[in-house]
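Engineer: To start, I am sharing the structure in question, which I have written as structure tokens.
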Amino acid sequence: MNLKPKLISSAIMSSLMLMPYAVLAEEDTVDSGKMTVTGILPDRLEAVSGSFSIIDEEYLEERRPISNLERMRSIPGINVVADGSMGFDTNIGIRGQNPRRSAKAMIMEDGMHLQLAPYADPVVHYTTPSQAINRIEVIKGAGQILYGPQTLGGAVNFVTKPVPRNGEIEGSVTSAFGNQGYRMLNGSVGFGNEIGGVMFDFNQNKGDGVYDDAEFDVKDYRFKGELDITGRQTLALKLVHTRDRRNSTEAYLTPFEYDQDPYSHPSIENDEWEQDRDVVQLQHIFRVNDNFKLSSQAYYTDTFRNGLRSTEENEDVLDDNGNITSLFRNCPDEGGEGIPAGNVADISQCGGRHAPRQYYTRGIETRGDLSHSLFGLEHDTIFGVRYHEENVHRQEILAQNAAEREDYDLALANNPDDVEEGFYKTNALSYYMQNTTYVGNWSFTPGFRVEDVRTSETIFDGGVQDSRESLSYTEFLPSFGLTWNGIANTTIFAGIHKGIAPARADREFSEDGGRAEPEESTLYEVGVRSTYFKGISFETALFHNDIKNTLIDFGNTFDNSGDSKQTGIEVAGRVDFGDIYGWSNNIYLSGAYTNLWTAEYEDGPDPTINGNRMQYAPEHLLNIDLGYEHQSGVHARIGVQHVSKQFVDDGNTRVEDVSGLQGTIPSFTIWNATVNYRVPNTGVTLFTGVENLFDKEYLASRNEGKLAGRERLYYGGITYNF
Numbered sequence: 003m004n005l006k007p008k009l010i011s012s013a014i015m016s017s018l019m020l021m022p023y024a025v026l027a028e029e030d031t032v033d034s035g036k037m038t039v040t041g042i043l044p045d046r047l048e049a050v051s052g053s054f055s056i057i058d059e060e061y062l063e064e065r066r067p068i069s070n071l072e073r074m075r076s077i078p079g080i081n082v083v084a085d086g087s088m089g090f091d092t093n094i095g096i097r098g099q100n101p102r103r104s105a106k107a108m109i110m111e112d113g114m115h116l117q118l119a120p121y122a123d124p125v126v127h128y129t130t131p132s133q134a135i136n137r138i139e140v141i142k143g144a145g146q147i148l149y150g151p152q153t154l155g156g157a158v159n160f161v162t163k164p165v166p167r168n169g170e171i172e173g174s175v176t177s178a179f180g181n182q183g184y185r186m187l188n189g190s191v192g193f194g195n196e197i198g199g200v201m202f203d204f205n206q207n208k209g210d211g212v213y214d215d216a217e218f219d220v221k222d223y224r225f226k227g228e229l230d231i232t233g234r235q236t237l238a239l240k241l242v243h244t245r246d247r248r249n250s251t252e253a254y255l256t257p258f259e260y261d262q263d264p265y266s267h268p269s270i271e272n273d274e275w276e277q278d279r280d281v282v283q284l285q286h287i288f289r290v291n292d293n294f295k296l297s298s299q300a301y302y303t304d305t306f307r308n309g310l311r312s313t314e315e316n317e318d319v320l321d322d323n324g325n326i327t328s329l330f331r332n333c334p335d336e337g338g339e340g341i342p343a344g345n346v347a348d349i350s351q352c353g354g355r356h357a358p359r360q361y362y363t364r365g366i367e368t369r370g371d372l373s374h375s376l377f378g379l380e381h382d383t384i385f386g387v388r389y390h391e392e393n394v395h396r397q398e399i400l401a402q403n404a405a406e407r408e409d410y411d412l413a414l415a416n417n418p419d420d421v422e423e424g425f426y427k428t429n430a431l432s433y434y435m436q437n438t439t440y441v442g443n444w445s446f447t448p449g450f451r452v453e454d455v456r457t458s459e460t461i462f463d464g465g466v467q468d469s470r471e472s473l474s475y476t477e478f479l480p481s482f483g484l485t486w487n488g489i490a491n492t493t494i495f496a497g498i499h500k501g502i503a504p505a506r507a508d509r510e511f512s513e514d515g516g517r518a519e520p521e522e523s524t525l526y527e528v529g530v531r532s533t534y535f536k537g538i539s540f541e542t543a544l545f546h547n548d549i550k551n552t553l554i555d556f557g558n559t560f561d562n563s564g565d566s567k568q569t570g571i572e573v574a575g576r577v578d579f580g581d582i583y584g585w586s587n588n589i590y591l592s593g594a595y596t597n598l599w600t601a602e603y604e605d606g607p608d609p610t611i612n613g614n615r616m617q618y619a620p621e622h623l624l625n626i627d628l629g630y631e632h633q634s635g636v637h638a639r640i641g642v643q644h645v646s647k648q649f650v651d652d653g654n655t656r657v658e659d660v661s662g663l664q665g666t667i668p669s670f671t672i673w674n675a676t677v678n679y680r681v682p683n684t685g686v687t688l689f690t691g692v693e694n695l696f697d698k699e700y701l702a703s704r705n706e707g708k709l710a711g712r713e714r715l716y717y718g719g720i721t722y723n724f
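Numbered according to our numbering, the sequence shown spans residues 3 to 724.
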């Protein structure tokens with residue numbers, strides 16, 4: 003299916019339809035400077051009626067994060083679960099939501115979804131490279147209803163670096179090396195002036211994963227271009243191609259294997275992950291006048307991924323010593339009893355399970371931002387509409403031998419009667435509006451979002467249609483927030499909004515086995531943020547979330563299993579002692595803490611789980627950094643991260659089972675450090691860092707077995723900006 007020409011034509015037509023309005027504003031021009039039109043936070047941050055966080059470019063350069071794991075842990079309320087050494091598979095849980103593949107959060111890049119299919123399969127197997135990011139924005143309050151469909155816990159937006167528009171060639175080159183075979187290379191170059199500009203970016207990450215011989219090689223190619231077609235209109239185009247190749251598995255270790263060596267996997271050399279991702283994003287920005295802006299975007303994504311496993315979950319055998327070990331699939335044929343883990347020579351002759359999947363998404367969105375006066379009061383109004391389509395094709399086939407393991411097309415051709423596949427289609431129309439009214443020191447922001455969704459699925463087994471189902475729903479999601487700015491540099495805020503998380507079509511079901519209903523939430527929030535005291539900034543928020551139709555992870559399926567609630571408090575802040583005492587150099591202390599004292603199931607069909615703690619919802623999250631900044635260009639930082647104990651099943655099982663899927667995840671504390679030196683007057687920065695400073699062994703996940711966290715990783719490198 004080729005959707006590209008159709009989508010691009012629609013985008014161009016949308017832009018041309020707005021061209022006549024340029025005549026109204028042709029006399030007034032705007033100096034665009036560096037264009038950054040893809041953020042999700044407004045210009046007047048003091049009026050944001052909810053908690054939010056910004057990680058800016060300066061922090062990213064000082065912290066030198068090598069993955070999402072390091073980027074996001076400094077934000078309160080966010081639990082980032084490691085799933086592989088470099089965190090390519092983004093696992094973000096906000097305020098007690100299950101972090102598995104970030105399916106309960108809205109993850110975006112430049113205001114556009116990163117989920118494979120945000121309605122039918124809202125998972126994230128990609129993360130924007132750190133070197134391509136200008137800043138990270140997180141909204142957890144009522145303002146998130148402008149972005150969807152996931153509005154249950156929060157929205158995360160990775161804002162990429164803007165096209166240079168100062169008339170000079172700009173760029174940077176960064177190279178880094180470390181243990182575990184870690185290699186990183188990034189290059190960026192761009193040029194622009196008052197007419198427009200272009201920028202090219204390349205990023206490559208190579209190295210070993212958590213397991214020995216779990217090699218990865220991920221390449222990211224980017225192009226951004228801008229053209230001012232009039233003094234008040236700009237066209238912007240972004241193209242992204244990602245090539246992801248890894249020795250990676252989702253069938254983790256049994257307790258027996260983990261006890262032998264948590265960093266060795268018996269089939270990791272044969273287990274492979276491949277993903278090819280293409281993105282087109284076309285934007286049209288029209289500044290009608292100084293108070294009114296129309297923004298339109300058309301987008302298209304084409305993602306293919308295939309995961310090859312040598313093992314199948316929940317199919318284990320006993321070795322000669324009576325210990326559970328993973329079953330190697332189909333060796334030499336389907337139904338075989340498997341091979342003991344130590345018989346490495348024969349593993350290369352085994353088959354496996356392919357899971358090729360193709361995702362197409364496309365859409366078009368128009369949004370208006372209007373500042374105006376009504377009844378003598380100032381207003382900021384945001385309104386918009388988006389049409390979105392998804393086409394998903396999921397397959398599963400068991401390879402019978404090594405040749406079929408190496409070529410999934412061969413496995414499909416040789417075993418047509420054994421192919422399981424599903425076709426999933428989604429059409430969604432979304433409307434949203436939010437109006438902020440300013441009354442003295444107060445601001446009041448009512449808003450709403452409407453999700454009108456139509457989905458269908460057709461399942462085939464061995465080429466024969468097995469079932470066909472459809473599900474349609476319309477959700478009205480109101481919101482209301484207020485702020486008070488009666489104290490200098492201080493905002494007190496409160497908000498309430500309804501949110502949803504659409505159910506995943508292929509494995510999320512209702513109690514009677516039908517298609518699952520979307521999770522529905524009501525989130526309450528009150529807090530304060532302030533920079534009142536010199537050198538001190540902080541934000542704290544108290545939140546409570548009631549969720550109906552809660553989806554519980556049962557391994558292969560997620561089922562609607564009653565209600566749940568989450569209550570807690572977040573605190574984040576920074577103290578710059580150099581600003582307080584007027585020092586020429588600076589010592590700072592920054593931190594983020596979350597206490598999720600309630601995260602429990604209630605009113606479910608199984609009364610035995612009522613009151614149990616939710617899955618992957620630690621009560622305590624803590625991140626602290628102590629740093630020193632010297633005027634010579636040296637910046638040194640040491641940090642610590644603590645995550646408290648987690649349960650992984652609705653029964654809160656404390657005793658580990660033979661598969662490793664059940665049991666607790668003990669609390670852990672890990673340290674990290676970085677040092678940067680900006681060589682004066684050269685554009686050169688030297689840096690070094692270490693993650694898991696004391697090489698602590700800890701358990702990160704029990705999804706489909708036991709997965710250890712990353713071993714100590716130290717690295718160093720150089721950046722040259724020109």
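Yeah, the Cβ is synthetic: ideal placement off N, Cα and C, and Gly gets one too. Treat the numbers as computed from the prediction; the structure is a model and nothing was measured.
1) Which first and last residues belong to the beta strand (DSSP E) in which ALA178 is found?
2) What does DSSP give as the partner residues of ARG470 in its beta bridges?
3) Could you check the C-alpha separation between SER53 and ARG234 for me, to the nearest Å?
4) Please report the Cβ distance between MET88 and ASN181, rounded to the nearest whole angstrom; I am assuming they are in contact, meaning their Cβ atoms lie under 8 Å.
5) Does DSSP put PHE495 in a helix, in a strand, or in coil?
6) Is THR671 buried or exposed, if buried means 16 or more other CB atoms sit within 10 Å of its CB?
7) Whole beta strand (DSSP E) runs in the stretch 630-658 with 3 or more residues, listed along the chain?
8) Are the stretch 474-485 and the stretch 138-157 touching, with three or more C-beta to C-beta distances below 8 Å?
9) Who does TRP585 pair with in a DSSP beta bridge?
10) Taking only the alpha-carbon atoms, compute the straight-line gap between GLU59 and VAL681 and give it to the nearest angstrom.
11) Would you mind reading off the limits of the alpha helix (DSSP H) that contains MET74?
12) Output the boundary residues of the alpha helix (DSSP H) element that contains ARG407.
13) According to DSSP, is PRO609 helix, strand or coil?
14) Which full runs of the alpha helix (DSSP H) of 4+ residues lie inside the stretch 72-138, going along the chain?
15) Under 6 Å Cβ to Cβ from ALA496, same chain only, skipping five residues before and after it: list those, please.
16) Can the beta-carbon of ALA300 be found less than 9 Å from the beta-carbon of HIS356?
17) Cutting at 6 Å between CB atoms, please list the residues of its own chain near ASP548, excluding the five before and the five after it.
18) For the stretch 621-633 against the stretch 107-118, do three or more pairs of beta-carbon atoms, one drawn from each stretch, fall closer than 8 Å, so that the two count as touching?
19) Ordered along the chain, which non-local residues of its own chain (more than five positions away) have a Cβ less than 7 Å from that of PHE649?
20) What are the complete alpha helix (DSSP H) segments, minimum 4 residues, inside the stretch 202-287?
21) Are the stretch 461-480 and the stretch 399-409 touching, with three or more C-beta to C-beta distances below 8 Å?
22) Which of the three DSSP states, helix, strand or coil, is assigned to ASP565?
23) From ASP725 to GLY211, what does the alpha carbon distance come to, in whole angstroms?
24) Can we say the stretch 445-464 touches the stretch 411-431, given the rule of at least three CB pairs closer than 8 Å?
25) What's the C-alpha gap between ASP371 and HIS390?
26) Residues in the same chain with beta-carbon distance under 7 Å from SER586, minus the five sequence neighbours each way, listed in chain order, please.
27) Near GLU423, what residues of its chain come up, given a Cβ to Cβ distance below 6 Å and the 5 sequence neighbours on each side ignored?
28) Can you tell me which residues form a DSSP beta bridge with VAL530?
29) Taking only three categories from DSSP, how would you classify TYR61?
30) Give every residue of the same chain whose Cβ lies closer than 6 Å to the Cβ of ALA505, excluding the five residues on either side of it in the sequence, and list them in chain order.
31) Which term fits TYR302, buried or exposed, when burial requires 16 or more other beta carbons within 10 angstroms of its beta carbon?
Structural biologist: Reading off the structure:
1) 171-180
2) THR460
3) 33 Å
4) So it is not a contact: roughly 14 Å between Cβ atoms.
5) strand
6) exposed
7) 636-645
8) yes
9) None; TRP585 has no bridge partner.
10) 18 Å
11) 70-74
12) 404-408
13) helix
14) none
15) LEU484 and VAL528
16) no
17) THR524 and LYS567
18) no
19) ARG615, GLN617 and THR666
20) 257-262
21) no
22) strand
23) What is shown of the chain runs 3 to 724, which leaves residue 725 out entirely.
24) yes
25) 21 Å
26) GLN633
27) GLN397 and PHE462
28) ILE494 and THR542
29) helix
30) ALA518 and PRO520
31) buried
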